[in-house]
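Right, one structure below, let's go through it.
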Amino acid sequence: MSPASATTAGTTSGPLVSGLLPVVAVVGPTGSGKSELALELAERFDGEAINADSMQFYRGMDIGTAKLTLAERRGIPHHLMDFLSVRDDTTVADFQQLARKAIAEIRSRGKLPILVGGSGLYNRAAIDVLEFPGTDAATRSALEAELGREGLPALLGRLREVDPVSADRINDGKRVVRALEVHALTGRPFSSFMPEREYFNPTLQIGLNGDRAELHSRLARRVHTMVEDGLLQEVESLIPEGLREGRTAVKALGYQQFLRVIDGEATVAQASEDTIVATRQFARRQLTWFRADPRVNWLDWSQSGLGAAAAHLVEEAIGRRATT
RNA sequence: GGCAGAUUACCCGAGUGGCCAAAGGGGGCUGACUGUAAAUCAGCUGGCAACGCCUUCACUGGUUCGAAUCCAGUAUCUGCCA
Numbered sequence: 012m013s014p015a016s017a018t019t020a021g022t023t024s025g026p027l028v029s030g031l032l033p034v035v036a037v038v039g040p041t042g043s044g045k046s047e048l049a050l051e052l053a054e055r056f057d058g059e060a061i062n063a064d065s066m067q068f069y070r071g072m073d074i075g076t077a078k079l080t081l082a083e084r085r086g087i088p089h090h091l092m093d094f095l096s097v098r099d100d101t102t103v104a105d106f107q108q109l110a111r112k113a114i115a116e117i118r119s120r121g122k123l124p125i126l127v128g129g130s131g132l133y134n135r136a137a138i139d140v141l142e143f144p145g146t147d148a149a150t151r152s153a154l155e156a157e158l159g160r161e162g163l164p165a166l167l168g169r170l171r172e173v174d175p176v177s178a179d180r181i182n183d184g185k186r187v188v189r190a191l192e193v194h195a196l197t198g199r200p201f202s203s204f205m206p207e208r209e210y211f212n213p214t215l216q217i218g219l220n221g222d223r224a225e226l227h228s229r230l231a232r233r234v235h236t237m238v239e240d241g242l243l244q245e246v247e248s249l250i251p252e253g254l255r256e257g258r259t260a261v262k263a264l265g266y267q268q269f270l271r272v273i274d275g276e277a278t279v280a281q282a283s284e285d286t287i288v289a290t291r292q293f294a295r296r297q298l299t300w301f302r303a304d305p306r307v308n309w310l311d312w313s314q315s316g317l318g319a320a321a322a323h324l325v326e327e328a329i330g331r332r333a334t335t
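Under our numbering, the first residue of the first sequence is numbered 12, with each subsequent residue one higher.
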């Protein structure tokens with residue numbers, strides 16, 4: 012995507028425009044009730060949901076991603092779900108365009124766009140002014156090979172020469188590779204693509220959180236239910252679809268672990284336990300991501316009148332737009 | 001009943017006289033995050049008024065300048081013999 016088109020896309024969630032409905036984003040850790048709350052808001056405000064969960068993109072990954080069934084969606088349109096095969100991959104940059112297009116379309120119908128999903132970066136890509144410099148498979152694989160050969164310190168040293176700002180921030184092999192890739196491709200330091208302001212848009216973000224111990228028991232219960240509902244069979248059925256060949260879908264929680272059961276490397280009980288642990292760790296990372304964003308309005312999932320509290324926030328946001 | 005062995009922090013597990021609040025891993029917590037993001041990476045993890053102090057290596061007592069490490073007894077567990 013060129014900088015110019017990024018700017019254009021950015022206007023969909025850019026400065027306040029009178030009469031334009033806000034974008035609502037429901038965020039929070041997995042298992043906190045985002046899907047249900049989004050549904051409630053969609054019904055109350057005549058909205059449509061846009062999936063911002065990177066694993067619900069995949070067709071056939073239903074049980075393990077806790078995807079709402081068609082019936083459970085209660086007639087509310089859900090965009091950006093089930094549009095990829097498990098064999099395929101997508102990227103934040105692609106998602107950004109798709110999500111902004113969906114937002115624009117929903118608005119053009121006079122409906123309220125509601126982003127729902129726990130993928131932090133994907134949410135930001137849809138909502139904020141993020142510009143993703145291009146990528147090149149050959150450049151990247153060459154850099155990855157170098158990383159394997161020479162090690163992280165060596166690549167970091169090279170990055171420091173062309174982009175000291177990034178070199179100071181990064182301590183992660185994958186990120187060093189990306190930063191060097193961007194420099195190789197654009198001739199500009201990766202850090203120069205970072206936004207001047209960290210958080211750009213005043214989009215309404217509603218965060219769901221609650222007691223940690225309760226979250227843990229919810230997640231355990233949820234995984235057990237998934238297993239009872241046939242997670243193993245679902246994983247098995249996706250193998251002919253190319254689950255093992257894909258790069259992203261195979262890494263999904265539950266799928267990763269239950270593939271080991273199919274390979275005879277783990278029992279169902281072990282895989283369940285491993286999935287629960289990994290899900291807990293994922294939920295913590297999600298919380299870390301969303302807590303860092305000062306714009307998130309946090310609500311406790313167990314509070315009475317949760318729907319009403321969220322609705323109140325939405326009303327305020329709509330009111331703000333109307334008077335601008 | 002007899003013999004042999006085990007008992008270490010939330011869990012597993014190293015340590016067998018001082019360099020031990022005790023390796024390593026798991027778990028947990030915190031944080032980072034711009035094209036794999038349910039991915040990837042980093043820090044912390046006995047307590048505290050914290051460059052020092054206090055309490056820990058099943059329990060009790062002992063040896064020693066000094067013990068998680070040696071000795072004795074007790075408890076629990078494991079294996080072999082009855």
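The beta-carbon is built from N, C-alpha and C at its ideal position, and this holds for glycine as well.
What you are looking at is a predicted structure, and each value in this text was computed from that prediction instead of being measured.
Between the alpha carbons of residue i and residue j, how many angstroms are there, rounded?
{"i": "Gly4", "j": "Ala153", "result": "With the chain covering 12 to 335 only, the question about residue 4 has no answer from this structure."}
{"i": "Ala263", "j": "Phe143", "result": "24 Å"}
{"i": "Glu252", "j": "Arg151", "result": "27 Å"}
{"i": "Ser202", "j": "Ser248", "result": "43 Å"}
{"i": "Ala277", "j": "His89", "result": "35 Å"}
{"i": "Gly39", "j": "Glu83", "result": "20 Å"}
{"i": "Arg232", "j": "Arg199", "result": "49 Å"}
{"i": "Leu170", "j": "Glu51", "result": "48 Å"}
{"i": "Ala49", "j": "Phe301", "result": "17 Å"}
{"i": "Met66", "j": "Lys78", "result": "9 Å"}
{"i": "Val318", "j": "Glu155", "result": "Looking at the sequence shown, residue 318 is not Val but Gly. Each residue's alpha carbon lies about 47 Å from the other."}
{"i": "Ala260", "j": "Val246", "result": "11 Å"}
{"i": "Ile273", "j": "Ala136", "result": "36 Å"}
{"i": "Thr214", "j": "Glu47", "result": "20 Å"}
{"i": "His323", "j": "Ala53", "result": "13 Å"}
{"i": "Asp240", "j": "Glu284", "result": "16 Å"}
{"i": "Asp99", "j": "Glu256", "result": "8 Å"}
Between which two residues does the alpha helix (DSSP H) harbouring residue i extend?
{"i": "Asp179", "result": "175-180"}
{"i": "Ala36", "result": "Looking at the DSSP string, Ala36 is not in any alpha helix (DSSP H); the run it does join, the beta strand (DSSP E), is 35-38."}
{"i": "Trp300", "result": "279-302"}
{"i": "Ile114", "result": "103-119"}
{"i": "Val246", "result": "242-249"}
{"i": "Met237", "result": "223-239"}
{"i": "Ala148", "result": "148-161"}
{"i": "Tyr69", "result": "No alpha helix (DSSP H) contains Tyr69, which DSSP labels as neither H nor E."}
{"i": "Glu192", "result": "184-197"}
{"i": "Leu132", "result": "131-138"}
{"i": "Phe143", "result": "First-last for Phe143: undefined, no H or E at that position."}
Could you check what DSSP says for residue i in three-state terms: helix, strand or coil?
{"i": "Pro14", "result": "Per-residue confidence for Pro14 stands at a pLDDT of 39, beneath the threshold of 50, marking its modelled position as unreliable; the derived number appears in the next sentence. In this structure, Pro14 counts as helix in the three-state DSSP scheme."}
{"i": "Leu317", "result": "helix"}
{"i": "Leu215", "result": "strand"}
{"i": "Ala63", "result": "coil"}
{"i": "Gly44", "result": "coil"}
{"i": "Val261", "result": "helix"}
{"i": "Thr19", "result": "With a pLDDT of only 34 at Thr19, under 50, the local geometry of the prediction cannot be trusted, and the value read off the model is given with reservation. The answer is helix: DSSP assigns Thr19 an H, G or I state."}
{"i": "Val307", "result": "strand"}
{"i": "Gly253", "result": "coil"}
{"i": "Gly58", "result": "strand"}
{"i": "Leu31", "result": "coil"}
{"i": "Leu95", "result": "strand"}
Our contact map puts residue i next to residue j with C-beta atoms below 8 Å; I'd like the distance itself, whole angstroms only.
{"i": "Gly316", "j": "Thr286", "result": "Rounded, the Cβ-Cβ distance is 33 Å, inconsistent with contact."}
{"i": "Ser43", "j": "Leu158", "result": "At roughly 36 Å, the Cβ-Cβ gap does not stay under 8 Å, so Ser43 and Leu158 are not in contact."}
{"i": "Leu242", "j": "Gly71", "result": "Contact doesn't hold; Cβ gap of about 12 Å is too wide."}
{"i": "Val35", "j": "Ile217", "result": "7 Å"}
{"i": "Thr41", "j": "Gln297", "result": "7 Å"}
{"i": "Phe68", "j": "Leu91", "result": "7 Å"}
I need the boundaries of the beta strand (DSSP E) containing residue i, first residue and last residue.
{"i": "Ile125", "result": "123-127"}
Q. Touching or not, the segment 116-129 and the segment 60-68, by the rule of three or more beta carbon pairs under 8 Å?
A. Segments in contact, yes.
Q: Could you tell me whether the segment 282-294 touches the segment 304-315, where touching means 3 or more Cβ pairs closer than 8 Å?
A: Judged by pairs of C-beta atoms under 8 Å, the segment 282-294 does not touch the segment 304-315, as fewer than three such pairs exist.
Q) Are three or more beta carbon pairs between the segment 225-239 and the segment 184-192 nearer than 8 Å? A) The segment 225-239 vs the segment 184-192: no contact.
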